[in-house]
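*Asks:* Sequence lines, in order, name chains A and B. All residue numbers for the first sequence refer to numbering that gives the first Met the number 0, where the first residue is 0 and numbers rise by one. All residue numbers for the second sequence refer to numbering that gives the first Met the number 0, where the first residue is 0 and numbers rise by one. Have a look at this one before I ask anything.
2 protein chains.
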Amino acid sequence: MIKLPNLSIALQEQITNNSALVEIPADTEILREGQYVKVIPLVLEGLVKVFTKYEDKELLLYYIQPNESCIMSFTASLKNEPSKVYAITDENCKLLLLPVDKVAQWIGEFPDLNNLFFQQYNLRYSDLLETINQLLFDKMDKRLLDYLKEKVALTKKNPLKISHRQIASELGTAREVISRVMKKLEQEAKVKQLSTTIELL
Amino acid sequence: MIKLPNLSIALQEQITNNSALVEIPADTEILREGQYVKVIPLVLEGLVKVFTKYEDKELLLYYIQPNESCIMSFTASLKNEPSKVYAITDENCKLLLLPVDKVAQWIGEFPDLNNLFFQQYNLRYSDLLETINQLLFDKMDKRLLDYLKEKVALTKKNPLKISHRQIASELGTAREVISRVMKKLEQEAKVKQLSTTIELL
DNA sequence: TGTAAGTGGTGACCAATGTCACTGTTTTGT
DNA sequence: ACAAAACAGTGACATTGGTCACCACTTACA
Numbered sequence: 000m001i002k003l004p005n006l007s008i009a010l011q012e013q014i015t016n017n018s019a020l021v022e023i024p025a026d027t028e029i030l031r032e033g034q035y036v037k038v039i040p041l042v043l044e045g046l047v048k049v050f051t052k053y054e055d056k057e058l059l060l061y062y063i064q065p066n067e068s069c070i071m072s073f074t075a076s077l078k079n080e081p082s083k084v085y086a087i088t089d090e091n092c093k094l095l096l097l098p099v100d101k102v103a104q105w106i107g108e109f110p111d112l113n114n115l116f117f118q119q120y121n122l123r124y125s126d127l128l129e130t131i132n133q134l135l136f137d138k139m140d141k142r143l144l145d146y147l148k149e150k151v152a153l154t155k156k157n158p159l160k161i162s163h164r165q166i167a168s169e170l171g172t173a174r175e176v177i178s179r180v181m182k183k184l185e186q187e188a189k190v191k192q193l194s195t196t197i198e199l200l
Numbered sequence: 000m001i002k003l004p005n006l007s008i009a010l011q012e013q014i015t016n017n018s019a020l021v022e023i024p025a026d027t028e029i030l031r032e033g034q035y036v037k038v039i040p041l042v043l044e045g046l047v048k049v050f051t052k053y054e055d056k057e058l059l060l061y062y063i064q065p066n067e068s069c070i071m072s073f074t075a076s077l078k079n080e081p082s083k084v085y086a087i088t089d090e091n092c093k094l095l096l097l098p099v100d101k102v103a104q105w106i107g108e109f110p111d112l113n114n115l116f117f118q119q120y121n122l123r124y125s126d127l128l129e130t131i132n133q134l135l136f137d138k139m140d141k142r143l144l145d146y147l148k149e150k151v152a153l154t155k156k157n158p159l160k161i162s163h164r165q166i167a168s169e170l171g172t173a174r175e176v177i178s179r180v181m182k183k184l185e186q187e188a189k190v191k192q193l194s195t196t197i198e199l200l
């Protein structure tokens, strides 16, 4: 049986018997913009990134960590609306795919699942609000530094292996801007760059 | 008994017997940043605005319309966290104040209330995402025009009575910027200004 | 090993918008 | 009606970030 902390045994059984366990390699798109959703992914291992996008510009909204779910999928599926965001695996992941119709039923039967979903909505609301505050109140240097700090905290790796281009796309800006700001951070001794790795000091 | 569309009679009775009905004049702060919340407001009549703020700069996040609630209050109260946003009445309002502990109980007993809360979370997630997209992808002229369109739609008044300063604060920018952009919109025949009123064409 | 693709560095320039200073007009309150 | 307060208009300038052009370096792989 699949272990799910904080959920009742009865629910864990239901989920185990009705969901698909899948392994997805890193950097794979698991939810497309505009897609109609029929399963709710629950992350068991790994890390998933959720983005908004318009034309060539995109922005990382938040990460989905183990034991969290993509509540937007639930939302979109409930109202039978296409997804407004898209999601990519950041690492190799193990996901549990819960069928939407079952979830709707479980919500009514299992208060602990109901609570989990409320918590998830709550968490995402906070994530989006934080994103808004950064866009509105912070300059690029602070946004970049916060981004790097979060990345280090989540992946538990310090010299990060990531390209300027990649960072730019997650922060919704251009590569040159990241290069420019990164140089400034390096001069301020906040980061150190070695070939394609970035160390947070 | 207080009429609440889409809620069961039994729940309407519970709510009527356990909540306070209050009337609040326009432009009154009903939820402060950092405040701990003990009631969930449900808007019966009027319009409430929700903002985020940092130092002198603030931004309108979304409106709460009749038969909607401030789900963030619920969230904050559940986790006993201070509110990250603040709310102001935009018009004279009738609000129903639901005690948090009762709501937590009703959520388990009345599936229709549970559904309402899911819908509200969903709605606010969409509102915040829309706000992010505007901040990230749109220039001031489009943001201002969208703001005016929404205001006209919500208040059902066309020549709007509102100052540039007010608009600036709701869009998180400066008065001069609004004056400048408004002039441009006027030249493009998208709005018409007469003393302190703005008409959307 | 050599070529292509990806990556980063950099200067010049542009566009959007935030800021300042100052003016004149409109509205409000008494 | 008058003074005070709020509001709007505007030119000049600063800052931030986006764009372009182009060069050099590294990596992948055929």
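C-beta: ideal position from N, C-alpha, C; glycine also. Remember, it's a predicted structure, so these values are computed and weren't measured experimentally.
1. Against chain B, does GLY107 (chain A) count as a neighbour if the rule is that its beta carbon must be under 8 Å from one of theirs?
2. Going straight from the alpha carbon of PRO4 (chain A) to that of PHE73 (chain B), what length do you get?
3. Check the Cβ of LYS160 (chain A) against every Cβ in chain B and list those closer than 7 Å, keeping chain order.
4. Helix, strand or coil for ILE161 (chain A)? Go by DSSP, reduced to three states.
5. Against ARG123 (chain B), what residues of chain A qualify as contacts under a CB-to-CB distance less than 8 Å, listed in chain order?
6. Using the Cα positions of VAL49 (chain B) and ARG164 (chain A), report the straight-line distance between them to the nearest angstrom.
7. Any beta-carbon of chain A closer than 8 Å to the one on THR196 (chain B)?
8. Roughly how many whole angstroms lie between the Cα atoms of ASN113 (chain B) and PRO65 (chain B)?
9. Cβ atoms of LEU127 (chain A) and LEU30 (chain A): under 8 Å apart, would you say?
10. For the segment 99-119 of chain B against the segment 152-164 of chain B, do three or more pairs of beta-carbon atoms, one drawn from each stretch, fall closer than 8 Å, so that the two count as touching?
11. Strictly under 8 Å for the Cβ-Cβ distance: is ILE14 (chain A) near chain B by that measure?
12. Beta-carbon of LEU134 (chain B) versus every beta-carbon of chain A: anything under 8 Å?
13. With DSSP as the reference, identify every bridge partner of GLU44 (chain B), one or two as the case may be.
14. What separation, rounded to the nearest whole angstrom, lies between the Cα atoms of GLU54 (chain A) and SER178 (chain B)?
15. In three-state DSSP terms, what is LEU3 (chain B)?
16. Would you decide whether LEU20 (chain B) is buried or exposed? Buried here means 16 or more other CB atoms lie within 10 Å of its CB.
17. Return helix, strand or coil for VAL84 (chain A), following the three-state DSSP convention.
18. Could you check which residue in B:GLU149, B:GLY45, B:LEU95 and B:PRO81 has the C-alpha nearest to that of LEU199 (chain B)?
19. Secondary structure at ALA19 (chain B), three-state DSSP: helix, strand or coil?
20. How is the alpha helix (DSSP H) around GLN133 (chain A) delimited, first residue to last?
*Replies:* Taking the structure as given:
1. Translated into the one-based positions of the first sequence, residue 107 (chain A) becomes position 108. Yes, contact with chain B.
2. As a first step, residue 4 (chain A) must be located in the first sequence, where it is residue number 5. As a first step, residue 73 (chain B) must be located in the second sequence, where it is residue number 74. Per the coordinates, the alpha-carbon of PRO4 (chain A) lies some 24 Å from the alpha-carbon of PHE73 (chain B).
3. Reading the first sequence from its first residue, position 161 is the one you call residue 160 (chain A). Within chain B, not a single residue places a beta-carbon under 7 Å from that of LYS160 (chain A); the smallest gap is close to 27 Å.
4. Reading the first sequence from its first residue, position 162 is the one you call residue 161 (chain A). The DSSP-derived three-state label of ILE161 (chain A) is coil.
5. Numbered from its first residue, the second sequence carries residue 123 (chain B) at position 124. Correct list: TYR124.
6. What you label residue 49 (chain B) is simply residue 50 of the second sequence in a count that begins at 1. What you label residue 164 (chain A) is simply residue 165 of the first sequence in a count that begins at 1. So the two alpha carbons sit approximately 35 Å from each other.
7. By 1-based counting over the second sequence, the position of residue 196 (chain B) is 197. Under the 8 Å criterion on CB atoms, THR196 (chain B) is classed as non-interfacial with respect to chain A.
8. The residue you call residue 113 (chain B) lines up with position 114 of the second sequence. The residue you call residue 65 (chain B) lines up with position 66 of the second sequence. Straight-line Cα distance between these residues: approximately 18 Å.
9. Here residue 30 (chain A) refers to the residue found at position 31 when the first sequence is read from its first residue. Here residue 127 (chain A) refers to the residue found at position 128 when the first sequence is read from its first residue. One thing to note: LEU30 (chain A) has its Cβ no nearer than 8 Å to the Cβ of LEU127 (chain A).
10. Two segments are said to touch when three or more pairs of C-beta atoms, one from each, lie closer than 8 Å; by this definition the segment 99-119 of chain B does not touch the segment 152-164 of chain B.
11. For this step, residue 14 (chain A) is matched to residue 15 along the first sequence. At a cut-off of 8 Å between beta-carbon atoms, ILE14 (chain A) makes no contact with chain B.
12. For the purposes of this step, residue 134 (chain B) is taken as the residue at position 135 of the second sequence. So yes, LEU134 (chain B) belongs to the interface.
13. Here residue 44 (chain B) corresponds to residue number 45 of the second sequence, with the count starting at 1. GLU44 (chain B) is bridged to B:LYS93.
14. Numbered from its first residue, the first sequence carries residue 54 (chain A) at position 55. Numbered from its first residue, the second sequence carries residue 178 (chain B) at position 179. Roughly 30 Å separates the two Cα atoms.
15. Taking the first residue of the second sequence as position 1, residue 3 (chain B) is located at position 4. LEU3 (chain B) sits in coil when the DSSP states are folded into three classes, being neither helix nor strand.
16. What you label residue 20 (chain B) is simply residue 21 of the second sequence in a count that begins at 1. In the assembly as shown, LEU20 (chain B) is an exposed residue. Its beta-carbon has fewer than 16 other beta-carbons within 10 Å.
17. Here residue 84 (chain A) is taken as the residue at index 85 of the first sequence, counted from 1. Per DSSP, reduced to three states, the secondary structure at VAL84 (chain A) is coil, with no helix or strand assignment.
18. Mapped onto the second sequence, residue 199 (chain B) falls at position 200. Taking only the C-alpha atoms, the option nearest LEU199 (chain B) is B:GLU149.
19. To locate residue 19 (chain B), count along the second sequence from 1; it is residue 20. If DSSP states are grouped into helix, strand and coil, ALA19 (chain B) belongs with the strands.
20. The residue given as residue 133 (chain A) occupies position 134 in the first sequence. Segment 110-136, the alpha helix (DSSP H) holding GLN133 (chain A).
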